[in-house]
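S.K.: Just passing along the structure, written as structure tokens.
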């Protein structure tokens, strides 16, 4: 009786298959066995197809932000600046955490579409720590003009990389939640990056 041959697939490019271990010719990531890769069917890769978990995570961050805002309002300490800072703190801390679980996988995946990470892989390894630092800065109210400017630059630059991949109609997976939760690279990713950039800009303007 002939056993089934093991098949390997790229976590970031589900259409890349191989009958033996190796690396993806498109992004250089190590191929994983097909049974260990939660490959998204084509219809799930289309816009809005597999963002459920991402929306839940962002929704929980928003809910926590609202709870803090209600408490601040009751104490007479409510400000829109603190609302934005608290949301950004939650966003960066949670998203950096997912990336740090498998930092190697994130760095390799991020290099498939980020303009700097694709040329300097070390940036992919540094990026989760940048987000962690941003989150701690906002959490401790250490959101000085310098931090806001850095967030504006980093997130805008990241968004440009996403936009470039979208314009080239590349069907790849977003690394925003690392390799733990797979979501397609698309408009939602673009809104995340530029949304954070715009919030940082707002904090600069209301300083």
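Numbering (this note's numbering), first residue to last: 50 to 256. Beta carbons: idealized from backbone N, C-alpha and C, even for Gly. Just so we're clear, the structure is a prediction, and the values are computed from it rather than from any experiment.
1. Does residue 123 pass the burial test, meaning 16 or more other C-beta atoms within 10 Å, or should it be called exposed?
2. Whose CA, out of 249, 109, 55, lies closest to the CA of residue 199?
3. Return the bridge partner residues of residue 82 from the DSSP annotation.
4. Check for me: the alpha helix (DSSP H) holding residue 150 runs from which residue to which?
5. Assign residue 213 to one of three DSSP states: helix, strand, or coil.
6. Apart from the five residues just before and just after residue 253, which ones in its own chain have a Cβ nearer than 8 Å to its Cβ?
7. Quick check: the region 212 to 219 against the region 184 to 193, are there 3 or more CB pairs under 8 Å?
8. Quick one: give me the first and last residue of the alpha helix (DSSP H) that residue 165 is part of.
9. Mapping the DSSP letters down to three states, classify residue 65 as helix, strand or coil.
10. What is the rounded straight-line gap between the Cα of residue 73 and the Cα of residue 160?
11. My output table needs one value for residue 232: the three-state DSSP class, helix, strand or coil.
12. Report, in whole angstroms, the separation of the C-beta atoms of residue 172 and residue 165, which I expect to be a contact under 8 Å.
13. Determine, using beta carbons only, whether residue 239 and residue 204 come nearer to each other than 8 Å.
14. Counting Cβ pairs, one atom from each stretch, are 3 or more of them under 8 Å apart for the region 146 to 154 and the region 123 to 134?
15. Measuring CA to CA, which of 71, 236, 153 is closest to residue 178?
M.R.: To lay it out plainly:
1. The residue in question, residue 123, is exposed, as its Cβ has fewer than 16 Cβ neighbours within 10 Å.
2. Of all alpha-carbon atoms in 249, 109, 55, the one lying nearest the alpha-carbon of residue 199 is that of 249.
3. Its beta-bridge partners are 57.
4. Going by DSSP, residue 150 is part of the alpha helix (DSSP H) stretching over 129 to 150.
5. If DSSP states are grouped into helix, strand and coil, residue 213 belongs with the helices.
6. Leaving aside the five residues that flank residue 253 on each side, the residues in its chain whose CB is nearer than 8 Å to its CB run, in chain order, 194, 197, 198, 201.
7. Using a Cβ-Cβ distance cut-off of 8 Å, the region 212 to 219 and the region 184 to 193 are not in contact, since fewer than three pairs of beta carbons, one from each stretch, lie closer than that value.
8. Neither: residue 165 is in no alpha helix (DSSP H) and is coded neither H nor E.
9. Coil.
10. If I take the Cα positions, the gap works out to 12 Å.
11. Strand.
12. That belief holds up - the Cβ atoms of residue 172 and residue 165 are roughly 5 Å apart, short of 8 Å.
13. Taking the C-beta atoms as reference points, residue 204 is found no nearer than 8 Å to residue 239.
14. Segments in contact, no.
15. Of the candidates 71, 236, 153, the one whose C-alpha sits nearest the C-alpha of residue 178 is 153.
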